[in-house]
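Undergrad: Below you'll find the structure I mean.
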Amino acid sequence: MPLQRVRGRILTMPLKWPHWLFLIPILVAAFYFFYPRIESFFVFFPQKSFDVEPRSYGLTYREADFTTGDGKRLHGWFFPGEKAQPVLLHFHGNAGNISHRLDLAQRFVRRGLSVFLFDYRGFGKSEGRPSEKGLYQDGLAAYDHLVQKEGILPGNVVLHGHSIGAAVAVEVALNKSARAVILESAFTSTRDMARTMPLFFLLSPFLPANYNNLEKVARLRIPKLFVHGERDEIVPFSMGEKLFRAAAAPKFFYPVKEAGHNDTFIAGGKPYLDAVSEFARSSTP
20 MPLQRVRGRI LTMPLKWPHW LFLIPILVAA FYFFYPRIES FFVFFPQKSF
70 DVEPRSYGLT YREADFTTGD GKRLHGWFFP GEKAQPVLLH FHGNAGNISH
120 RLDLAQRFVR RGLSVFLFDY RGFGKSEGRP SEKGLYQDGL AAYDHLVQKE
170 GILPGNVVLH GHSIGAAVAV EVALNKSARA VILESAFTST RDMARTMPLF
220 FLLSPFLPAN YNNLEKVARL RIPKLFVHGE RDEIVPFSMG EKLFRAAAAP
270 KFFYPVKEAG HNDTFIAGGK PYLDAVSEFA RSSTP
């Protein structure tokens with residue numbers, strides 16, 4: 020409210036309704052202009068440096084450098100498995116970089132699958148700054164690199180998204196041809212996630228439903244595998260169930276007992292790896 024000083028005292032002058040008619044549209048416009056930047060600040064925790072290299076895991080690999088539709092240079096690693104076996108195009112979560120996914124890649128390569136890890140813009144050696152639109156462009160560019168540069172047939176590409184990466188996998192699946200999609204530790208939307216956080220609970224009704232997996236997943240027609248840790252401390256297990264119910268067949272749900280948000284493949288162990296590998300091999304687009 021405007022302030023007025025009278026004889027050393029500060030008095031408030033109430034805003035009249037014409038002032039509110041002027042201010043409200045400005046406040047609303049400012050909120051929607053700055054919200055994507057605020058959301059990205061709370062969502063993404065990229066790391067530029069690598070903590071470990073593929074050689075430490077005894078992995079054979081090829082460096083991948085490719086460009087997105089809006090001109091950002093991205094970096095990744097391609098790990099070839101057995102010929103004629105499916106290729107996992109992995110979309111990682113919101114933190115770290117691809118060096119933190121090498122353990123996962125090694126386990127699938129040992130089962131004969133090929134794996135393509137890449138970093139979104141702003142992560143690892145990839146340039147730019149992450150955003151929802153940017154991540155979708157990054158995912159599409161990674162798919163194009165896999166098909167056009169590595170010569171992988173679309174019918175052999177299995178899209179594997181973890182956490183926020185599940186939203187990227189869904190977006191790519193809606194725009195490209197693929198064998199199947201695996202959505203692991205996936206949330207329904209960022210608005211729904213805000214409802215689970217005390218800091219954002221009261222604001223959640225006013226937030227846009229970004230990364231809206233719940234709306235999009237019903238439109239997917241390729242085989243879908245939903246994986247969720249029963250003790251996920253970040254994304255409620257119920258969100259994974261809700262996505263599964265909203266999806267059209269063919270679909271499968273694989274709960275992982277004792278698993279949290281980031282350790283499904285560790286807590287799940289051999290049964291998890293066997294289930295995911297078998298789904299990738301047996302699925303037909």
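In my numbering, each residue's number is its place in the sequence shown (first place is 1) plus 19. Idealized CB from N, CA, C, for every residue including glycine.
Go to K270, then tell me how far its beta strand (DSSP E) extends in each direction, as first and last residue.
TA: Its beta strand (DSSP E) spans residues 270–275.
Undergrad: May I have the straight-line CA-CA distance separating K195 from S118, to the nearest angstrom?
TA: For K195 and S118, the distance between alpha carbons rounds to 26 Å.
Undergrad: Going by Cα to Cα distance, which pick from V191, E151, Y230, T215 is closest to R240?
TA: Nearest option by C-alpha distance: V191.
Undergrad: Which residues in the same chain as L159 place their Cβ atom closer than 8 Å to its Cβ, once the five residues preceding and following it in sequence are excluded?
TA: For L159, where only same-chain residues beyond five positions count, the Cβ hits under 8 Å are T87, G88, E190, V191, N194, K195.
Undergrad: Is it right to say Y291 is buried, meaning 16 or more other beta carbons lie within 10 angstroms of its own, or is it exposed?
TA: Label assigned to Y291: buried.
Undergrad: Got a sec? Which residues, its chain only, sit under 6 Å from A49 by beta carbon, not counting five neighbours each side?
TA: Because the pLDDT of A49 is 48, which lies under 50, any placement of that residue in the model is unreliable, and the question is left without a value.
Undergrad: Specify, as a first and last residue, the run of the beta strand (DSSP E) that H109 falls within.
TA: Start and end: 106–110.
Undergrad: Alpha carbon to alpha carbon, how far is V47 from V71?
TA: The predicted model places V47 with a pLDDT of 49, which falls under 50 and marks its position as unreliable, so this point remains unresolved.
Undergrad: So if DSSP puts F206 in a beta bridge, which residue, or which two residues, is it bridged to?
TA: Bridge partners of F206: none, in fact.
Undergrad: A265 to G259, Cα distance in whole Å?
TA: Between A265 and G259, the C-alpha separation is close to 10 Å.
Undergrad: Is the segment 274–285 touching the segment 241–252, taking contact as three or more C-beta pairs under 8 Å?
TA: Contact between the segment 274–285 and the segment 241–252 is present, because at least three Cβ pairs lie under 8 Å.
Undergrad: Taking 8 Å as the threshold (C-beta atoms), are G95 and H181 in contact?
TA: Going by C-beta atoms, H181 is not nearer than 8 Å to G95.
Undergrad: Which residues does DSSP list as the beta-bridge partners of S133?
TA: In the DSSP output, where bridge partners are listed per residue, S133 has V106.
Undergrad: Anyone know if the C-beta pair for L178 and A197 falls short of 8 Å?
TA: Their beta carbons are under 8 Å apart, which means L178 touches A197 by this criterion.
Undergrad: Ordered along the chain, which non-local residues of its own chain (more than five positions away) have a Cβ less than 6 Å from that of V99?
TA: Position check: residue 99 holds Pro in this sequence, whereas Val was assumed. S133.
Undergrad: If I follow the unbroken beta strand (DSSP E) through V177, where does it start and stop?
TA: Element bounds for V177: 176–181.
Undergrad: In chain order, what residues of the same chain have a beta carbon less than 7 Å from the beta carbon of L154, not counting five sequence neighbours either side?
TA: Cβ within range, chain order: Y139, V187.
Undergrad: For R74, which of T303, L165, S204, Q125 has the nearest alpha-carbon?
TA: The shortest Cα separation from R74 among T303, L165, S204, Q125 belongs to Q125.
Undergrad: What alpha helix (DSSP H) runs, 4 residues minimum, are completely inside the segment 223–270?
TA: Entirely contained in the segment 223–270, the alpha helix (DSSP H) runs reaching 4 residues are, in chain order, 232–236, 256–265.
Undergrad: So what does DSSP say about I117, is it helix, strand or coil?
TA: Of the three classes helix, strand and coil, the one that applies to I117 here is helix, per DSSP.
Undergrad: Roughly how many angstroms lie between the CA atoms of T303 and F206, to the nearest whole one?
TA: Approximately 25 Å between the Cα atoms of the pair.
Undergrad: Alpha carbon to alpha carbon, what distance is there between G174 and D211?
TA: D211 and G174: Cα-Cα distance of roughly 33 Å.
Undergrad: One question on the structure: do N116 and Q156 come within less than 8 Å of each other, judged by their Cβ atoms?
TA: Contact flag unset, no.
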